[in-house]
Amino acid sequence: MTENSSTEDYDVVLLIEQALTEQDAAQVHSLHEGLEQPVTYHVLLPLEDAAARIESAMGSLTAGDMLASPTMPMSEVDLEAVRKDCEERSDDELGQTLAALRKSGATALGQVVTDPPIDALAAKLAEVDGREAIILTRPHVVSEFFHLDWTSKARRKLGVPILHLLEHETFDQQAEGYGEEGVTGL
Numbered sequence: 000m001t002e003n004s005s006t007e008d009y010d011v012v013l014l015i016e017q018a019l020t021e022q023d024a025a026q027v028h029s030l031h032e033g034l035e036q037p038v039t040y041h042v043l044l045p046l047e048d049a050a051a052r053i054e055s056a057m058g059s060l061t062a063g064d065m066l067a068s069p070t071m072p073m074s075e076v077d078l079e080a081v082r083k084d085c086e087e088r089s090d091d092e093l094g095q096t097l098a099a100l101r102k103s104g105a106t107a108l109g110q111v112v113t114d115p116p117i118d119a120l121a122a123k124l125a126e127v128d129g130r131e132a133i134i135l136t137r138p139h140v141v142s143e144f145f146h147l148d149w150t151s152k153a154r155r156k157l158g159v160p161i162l163h164l165l166e167h168e169t170f171d172q173q174a175e176g177y178g179e180e181g182v183t184g185l
């Protein structure tokens, strides 16, 4: 072990779907209490996809609604306004997350990413020589089903420990929901 290795930062990359609450941030920060090195959290928040929002909104119309009302021409949808709204929402959520982490006493940096989430995670881990990755997803069942894939992809692609947590749930609540699995989702 070199003389400087004990003072180097322990870099943790967080991949999140939405703003962390103060409780979420405090729990993440508590995972690294007692480390001798300073811990720096690098938060990645994928940009909410404007096209997906439009598809989702249009897909939520029932067939009866579509038959009963005239169709809306695509020219009436201001795609640039939707894209700008998505960027602003993502920037706001990232700002809330960084503020929550800093309030817990953590050092936190972050960025909104447009690359596929696991690619962005891998790139950031390599860039900062990350020691650990944490993926935080929404707790509801549908979201968990689709976003568990982030964790699976990350485990296959990265050579660092991966911890999958559910936002807005304490560690105890998560452990109860997973029985023997605990919060790691392993």
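In terms of numbering that gives the first Met the number 0, the sequence shown has 26 at position 27, counting the first letter as 1, and numbering is strictly consecutive.
The beta carbon of each residue, even a glycine, is placed where N, CA and C say it ideally should be.
Close CB contacts of SER89 within its chain, under the 7 Å cut and outside five residues either way in sequence, are with LEU44, LEU46, GLU47, VAL111 (chain order). Annotation for LEU100: ALA24, TYR40, ALA107 place their beta carbon closer than 6 Å to its own, counting only its chain and skipping 5 residues before and after. Taking the C-beta atoms as reference points, ARG137 is found nearer than 8 Å to GLU16.
The beta carbon of GLU7 sits closer than 8 Å to the beta carbons of GLN36 from its chain, once the five residues preceding and following it are set aside; these are given in chain order. GLY109 and LEU135 do not touch by the CB rule: their CB atoms are close to 13 Å apart, not below 8 Å. In the three-state scheme derived from DSSP, where H, G and I count as helix and E and B as strand, HIS31 is classed as coil.
Between LEU124 and VAL42, the gap from beta carbon to beta carbon reaches 8 Å or more.
By the CB criterion at 8 Å, ALA105 and VAL38 fall inside the cutoff. According to the DSSP assignment, THR96 belongs to the alpha helix (DSSP H) that extends over 78 to 102.
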